[in-house]
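Chains as they are written, first to last, in the UniProt record's numbering: chain A, 1 to 543; chain B, 1 to 308; chain C, 1 to 307. Positions of the beta carbon are idealized from the N, C-alpha and C atoms, including for glycine. Before any comments, here is the structure.
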Amino acid sequence: MKLKTVLNASAATALVFAAGMAFADDHMVDGMTLSDNQTFTYQTIDDSPSIDPGLVEDVEGSAVVRDLFEGLMNQDAEGNPIPGVATSYDVSDDKLTYTFHLRDDAVWSDGEPVTASDFVYAWKRVANPETASPYAWYMELMSVENASSIIAGEAEADTLGVEATDDHTLVVHLSQPLPYFPEMVTHTTTFPVPEHVVEEVGASWMNPETFVGNGAYVLTEYTPQERMVRVKSDTYWDAENVHLTEVVRLVVNDENQALTRWQAGEIDKTETIPTGQYPSLSQEYPEQAVSVPQLCSYYYNFNLRDDAPEWAQDVRVRQALSLAVDRDIITENVLGAGQIPAYTFTPGATAGFEVPEVEAASMTQEERNEKAKALLEEAGYGSDNPLTVEILYNTSEAHKTIAIAISQMWKQTLGIETTLGNMEWQTFLEARGNGDFEVSRAGWCGDYNEASTFLDLMASSSGYNDAAYMNDEVDSLLAEAKTMEDPTENYTRIEEIVDEEAPVIPIYHYAAAFMLDDTIKGWPLDNVQQTWYSRQLYRVAEE
Amino acid sequence: MLTSRTSPEQLGDLPQRAEVKGRSLWRDAVGRFAANRAAVISLVVLVMIFLFAIFGQILSPHEPDYVDFMLRGNIKELGVPSMENQHYFGLEKEGRDLYVRVVQGTRISILVGVVGSIVAVVVGTLYGAISGYFGGRVDNIMMRIVDILLAIPFMFVIILLLVIFGRSPTMLFVGIGLMSWLNMARIARGQTLTIKNKEFVEAAIASGVRPIKIILRHIIPNLAGIVVVYATLLVPELIITESFISFLGLGVQEPQTSLGALISDGASQLNYGTYWMLAFPLFFFLITLYAFFFVGDGLRDALDPKDR
Amino acid sequence: MFAFIIRRLAVAIPTILVLVVLSYILMFAAPGGPFNAERPLPPNVLENIEARYGLDQPYWKQIYDYLVNIVFHFDFGPSFKYRDRTVSDIITQGFPVTLTYGFWSFVVAVIVGVSLGIAAAVKHNSILDYFAVGVSIGAQSLPNFVMAPVLVLVFTLWLGWLPGGGWNGGEWQFVVMPVIALSTSYMASIARITRSSMLEVLNAGFIRTARAKGLPMKRIIFRHALKPAILPVLSYLGPAFVMMITGSVIVDSYFSTGGIGQFFVNAAFNRDYSVMMGITILMGVLTIVFNLVVDLLYAWIDPKIRY
């Protein structure tokens, strides 16, 4: 017997309908009419390495892929999964088999129908070592049967646990139950590619001349490092609810330059706001300077390896350094774009995560500074035995700004001399990965909206644990959490341990700040992952 | 990228001076230099800049790396140049005193220029002299090597140097110097070609002096004039090069700074109403370069009897 | 003459070879690799990718394969970073851009620079001379990265005359600011070289004789002085032309033109070995070709020079 899931067919239609209504409502409520000009121009700092669904690896590239292709599930404005190409799905009792029912009105932009075998082809293509996809591991993360052995080269790509039982039914076999599986198929790596085109054209099929997609937009023009144009697709099944007719993406490397061009009206949305400019911009353009919390943490790693300097092994020194960092000054005076001071590693905005009451968070900065001084003295450092610390960061205005502020806080509060080690990106990665540092800058964004995406970094086995932090209790709490009904308790405990042992200094939780023209509406500000689709947006006429 | 700024003009510009001889020429040169008003004024300016770079710190109560967190949040209004709080040049974008940072930046930029040119001159002159003196196949190979090195992506070399030797200002000086000896080598070679046919060199060869000794004793001293001129013209070039490296984020390490880094920071804030962040460092950058250019020009004219 | 050209081109081949090998050695020596990222890839995924691009081969084999592909297939390989494109795609898209604004910058720099230089030399030690020298030192010293944002601020934000960036297939509005930003420092250098070489020529015996004979100044300058005075300028222009048409990272990044200047610097930072090599070779070949062109022009202008 198969279990019909929460998201059954009728609920799905209702949702789609509601989404459509929301648009209609918007017009009615605000009395806003759509502008005749339905083009949208946005800026990105850099070009995407690839916009092929199987190869895409960056955030901005994924936004392009979401416009050009459509996966089994989409995200709504809050980030919940809603039907995409799949109208519904069933889960087997053992939760190891998912059956997706695909809509029959989905077609490729060349008129061919989108079939389940296109998904099968796309998924096998991602896992296939010959494709060399940087996101092949996503198939492993989704626990699709045989994904691991295919990537390791031990099995043929054809053995991947995904099959098309007919044109509109896709069956996925998992190697272990995964409660988040439906959310995971909103990810661009799982999007279909047109087998008949990819096989015929080969590697260059993503060129505008040969491009075929199943999304709300088609690629019509692409000059790398300059501009990309995507135009509304008439073959998209929901084309009547798509408002923007043309979406232009411009690459502008310099964020100050991008802001100037936004002010000149050449760009509707910038990717970022230059560090420290948000406060004055939000005064000048209150409606258009936007800041939304993000599921990301900015932190400093201590090097806990045996060959690291002696002071880094001393928990008192680490705590002192952490306490002396005035998060409020950093978030308000240095950055000032809605970032949130961080005393725990996991952002409070994470779904189902309660920020534990760690001691440092409830103290005033004066109290923290006093405690930091006492701890440092206790550890035997002071004017007669001065401490020197090096902060390693990669070349970037924002990282530099923060490193300068923190080094001064340490100097002014604790009398510590800090050297700033600014390294070119690749050199930095190498040094940090090899543990060749004392304190190093790091940032982490959640892959999915759950605390384990952050706390897993504290596991001694994690490949991203640059501090080389090892704590058996944390390891077992994490392992336990994987199978728990409600792991909140474990997460709280881990945060408490991390706070006591201070392997990292959480500094702030990110906010995405950007300029958005006020005639552009529909931006999904409530989606903490900032997953947006051009078809959600529309331009209203100026009053 | 480096060479986009270097101006091989000196190649064509430099006098074909074969007749450096005796002391009287130097005395003449001093006289001619003194008569060149632009050069003398520039020399005075240059001395003042040097004094500023060395002692300027004394005039300010602030430390170059001290961030004033009280003012940090609103530099646009609280960080304007002011005599009252003794931030003469205002605050830079991280909330530090711009005046002392300009002092520090000027010092480092001049150091980069001077040390870099010394490296370039020493390496370039020796290389060029050897290549020119031996001539033939040795010359051919050595000059092809220079050609290839000129075509190599300069940024990789800088990255490599910084990686292998760490990011110290000294390494930056040496790195830049090593990149810019190439043109020096070409010029030194050209001069050597003419000098080596002179009687005194031929006499030395005839009396059996070893080639190395001839190069060090006879060739190099005769290159001195041209080398001095080239060095003064190289200094501003290297200061410009350093500013480009700073723009790419590979320059001097914080909290140290250079004029190039300060200008790059100031230019990024151009649209935010904090004009002083660009104006002060740019002013010192420009007058330093002008001064070096005119002094170099004056030296060249003074040392070249044929020109006037 | 023909034999000379052949000989020069024959030397070019080993020169380029050495350049390739040296650049490769530098690349391998630099830390990092094209597939390092903030989040390191899982080891077996990384292995698959490296195998796909031949990075699992020994160094000598990589260099050898690279050269074989170029020589026998004229194939510069795929970009390691921009996975949907090949090196040839990137060069055929980016080079016309820099070629366009570089060519116009060259034209502007030569016309303005040479005229300014001649004027300054002819009116030696006059106000005009001081002005020309002052301006050219200033133009040479003012960093591009100051000029570019100033231009955008003035022409785009304040006056609204020109678009603040982009290329749009090279419409003139998009070319103006890159040309201004790129040409100034070259213009300054050209002016200074022209001035000093013109001064030297004007002091030469044959010009004095011409003057003594009472020939009009205009005629002396254009008939007699210009040709010899332009020679040192020419030897500067060869490499400068190559520099200009291969673009500048500052122009490309501030004006978002999508030229190869930007690709080149990005490739170095991203360790995109193949793009890096492709553009290095392009620059090497152009340098050799235009140095040859300069030498031929030399011979054409000054018949005394024989090869």
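- Query: At least one CB of chain A closer than 9 Å to the CB of Phe244/B: is that the case?
  - Reply: The sequence position of residue 244/B within the second sequence is 244, counting from 1. With 9 Å as the cut-off, Phe244/B does not count as an interface residue toward chain A.
- Query: Of all Cβ atoms in chain C, is any one closer than 9 Å to the Cβ of Leu392/A?
  - Reply: Position 392 of the first sequence, counted from the first residue, corresponds to residue 392/A. Leu392/A does not count as touching chain C.
- Note down, in chain order, each residue of its chain lying with its Cβ closer than 7 Å to the Cβ of Ala18/A, except the 5 sequence neighbours on either side. Residue numbering aside, residue 18/A sits at position 18 when the first sequence is read from its first letter. Note that Ala18/A scores a pLDDT of 37, beneath 50, so its modelled location is shaky; the value from the coordinates is reported in the next line. Around Ala18/A: no qualifying Cβ.
- Task: Note down, one range per segment and in chain order, each alpha helix (DSSP H) of at least 4 residues found wholly within the region 19-54 of chain C.
- Result: 43-52
- When DSSP labels each residue in this structure, what does Ala511/A get in the three-state scheme? Reading the first sequence from its first residue, position 511 is the one you call residue 511/A. Reduced to three states, the DSSP call for Ala511/A is strand.
- Item | Limits of the alpha helix (DSSP H) - the one that Thr427/A falls within | One-based indexing of the first sequence puts residue 427/A at position 427. Note, Thr427/A: alpha helix (DSSP H), Trp425 to Gly433.
- Query: Which partner residues of Gly382/A appear in the DSSP bridge assignment?
  - Reply: Counting from one through the first sequence, the residue named residue 382/A turns up at place 382. The partner list for Gly382/A (beta bridge, DSSP) reads Asn385/A.
- Query: Do you know offhand how far Tyr272/B's Cα is from Lys76/B's?
  - Reply: Taking the second sequence and counting its residues from 1, the one referred to as residue 272/B is at position 272. Taking the second sequence and counting its residues from 1, the one referred to as residue 76/B is at position 76. Roughly 8 Å separates the two Cα atoms.
- Taking 9 Å as the CB-CB cut-off, is Asn74/B touching chain C? One-based indexing of the second sequence puts residue 74/B at position 74. Closer than 9 Å: no.
- Could you work out which residues of chain E lie near Gly249/B, taking near to mean beta carbons separated by less than 8 Å? Within the model displayed, chain E is absent; protein chains A, B and C are what it includes.
- Message: Could you check whether the Cβ of Ser141/C sits closer than 9 Å to any Cβ belonging to chain B?
- Response: Here residue 141/C is taken as the residue at index 141 of the third sequence, counted from 1. Taking Cβ atoms only, chain B reaches closer than 9 Å to Ser141/C, which makes this a yes.
- Message: Between Arg144/B and chain C, is any beta-carbon pair separated by less than 9 Å?
- Response: Taking the first residue of the second sequence as position 1, residue 144/B is located at position 144. Chain C, which has a Cβ nearer than 9 Å to the Cβ of Arg144/B, makes this yes.
- Message: Tell me the DSSP secondary structure of Gln288/A in three-state form.
- Response: Translated into positions along the first sequence, residue 288/A becomes position 288. DSSP places Gln288/A in coil when its eight states are reduced to three.
- Answer yes if the region 268-288 of chain C comes into contact with the region 280-296 of chain B, meaning at least three C-beta pairs across the two stretches below 8 Å, and no otherwise. no
- Message: Rounded to whole angstroms, what is the Cα-Cα separation between Ala467/A and Val45/C?
- Response: Taking the first sequence and counting its residues from 1, one reaches residue 467/A at position 467. Taking the third sequence and counting its residues from 1, one reaches residue 45/C at position 45. Distance between the alpha carbons of Ala467/A and Val45/C: 23 Å.
- Going by other Cβ atoms of all chains shown within 10 Å of its Cβ, with 16 needed for buried, is Ala22/A buried or exposed? Counted from its first residue, the first sequence places residue 22/A at position 22. Per-residue confidence for Ala22/A stands at a pLDDT of 41, beneath the threshold of 50, marking its modelled position as unreliable; the derived number appears in the next sentence. Label assigned to Ala22/A: exposed.
- Considering only residues of the same chain and omitting the five flanking positions on each side of Val107/C, which have a CB-CB separation below 8 Å? Taking the third sequence and counting its residues from 1, one reaches residue 107/C at position 107. For Val107/C, where only same-chain residues beyond five positions count, there are no Cβ hits under 8 Å.
- Under a CB-based cut-off of 9 Å, is Tyr254/C close to chain A? Reading the third sequence from its first residue, position 254 is the one you call residue 254/C. Interface residue, yes.
- Query: Looking only at DSSP bridge pairs, what is Trp444/A linked to?
  - Reply: By one-based count along the first sequence, residue 444/A stands at place 444. Beta-bridge pairing links Trp444/A to Ser297/A.
- Item | Contact list for Gly138/C against chain B, beta-carbon separation under 9 Å | For this step, residue 138/C is matched to residue 138 along the third sequence. The contacting residues are Leu286, Leu289 and Tyr290.
- Item | Contact belief for Thr189/A with Tyr135/A at Cβ below 8 Å, rounded distance in angstroms | Residue numbering aside, residue 189/A sits at position 189 when the first sequence is read from its first letter. Residue numbering aside, residue 135/A sits at position 135 when the first sequence is read from its first letter. At roughly 4 Å, the Cβ-Cβ gap stays under 8 Å, so Thr189/A and Tyr135/A are in contact.
- Counting contacts by CB-CB distance shorter than 9 Å, is Pro305/B in contact with chain C? Mapped onto the second sequence, residue 305/B falls at position 305. Residue placement at Pro305/B is poorly supported in this model, since its pLDDT is 48, which falls under 50; the coordinates still yield a value, given next. By this cut-off, Pro305/B is not an interface position.
- How is Met228/A classed by DSSP in three states: helix, strand or coil? Working through the first sequence from its first residue, we reach residue 228/A at position 228. Note: Met228/A maps to strand in three-state DSSP.
- Item | DSSP-derived helix/strand/coil call for Gly71/A | Counting from 1 along the first sequence, the entry for residue 71/A is found at position 71. If DSSP states are grouped into helix, strand and coil, Gly71/A belongs with coil.
- Can you name the residues that DSSP bridges to Ile520/A? Within the first sequence, numbered from 1, the residue matching residue 520/A stands at position 520. Beta-bridge pairing links Ile520/A to Arg539/A.
- Query: What residue range is occupied by the uninterrupted alpha helix (DSSP H) comprising Asp90/A?
  - Reply: Start at 1 with the first residue of the first sequence, and residue 90/A comes out as number 90. Counting along the chain, Asp90/A falls outside any alpha helix (DSSP H), though it belongs to the beta strand (DSSP E) covering Ala86 to Val91.
- Item | Contacting positions in the region 238-257 of chain A - beta carbon closer than 8 Å to chain C | Leu250, Val251, Val252, Asn253, Asp254, Asn256 and Gln257
- Query: If you run the structure through DSSP and keep just helix, strand and coil, what is Glu202/B?
  - Reply: Working through the second sequence from its first residue, we reach residue 202/B at position 202. If DSSP states are grouped into helix, strand and coil, Glu202/B belongs with the helices.
- Measuring only between beta-carbons, confirm whether Val275/C sits less than 9 Å from chain A. Against the third sequence, residue 275/C aligns to sequence position 275. No, no contact with chain A.
- Message: Rounded to the nearest angstrom, what separates Pro182/A and Gly84/A at their Cα positions?
- Response: Locating residue 182/A in the first sequence gives position 182, counting from the first residue. Locating residue 84/A in the first sequence gives position 84, counting from the first residue. The alpha-carbon atoms of Pro182/A and Gly84/A are separated by roughly 11 Å.
- Item | Distance between Gly61/A and Ala337/A (C-alpha atoms, nearest Å) | Mapped onto the first sequence, residue 337/A falls at position 337. Mapped onto the first sequence, residue 61/A falls at position 61. Whole-angstrom Cα-Cα distance: 24 Å.
- Using 10 angstroms around the beta-carbon of Gln173/C, count the other beta-carbons present and answer buried if the total reaches 16, otherwise exposed. Here the question's residue 173/C lines up with position 173 in the third sequence. Exposed, because fewer than 16 other Cβ atoms sit within 10 Å of the Cβ of Gln173/C.
- Look at the Cβ atom of Met198/C, then the Cβ atom of Ile118/C, and state whether they are nearer than 9 Å. Mapped onto the third sequence, residue 198/C falls at position 198. Mapped onto the third sequence, residue 118/C falls at position 118. In contact: Met198/C and Ile118/C (Cβ atoms closer than 9 Å).
- By the 10 Å Cβ neighbour count, where 16 or more other Cβ atoms means buried, how is Tyr381/A classified, buried or exposed? Here residue 381/A refers to the residue found at position 381 of the first sequence. Flag for Tyr381/A reads buried.
- Query: Quick one: is Ala229/C buried, meaning 16 or more other Cβ sit within 10 Å of its Cβ, or exposed?
  - Reply: As a first step, residue 229/C is located in the third sequence; it is residue number 229 there, counting from the start. Counting Cβ neighbours within 10 Å, Ala229/C comes out buried, since at least 16 surround it.
- Task: Compare the C-alpha of Tyr275/B against each of Glu92/B, Glu84/B, Leu46/B and Ser131/B and name the closest.
- Result: Within the second sequence, numbered from 1, the residue matching residue 275/B stands at position 275. Nearest C-alpha to Tyr275/B: Glu92/B.
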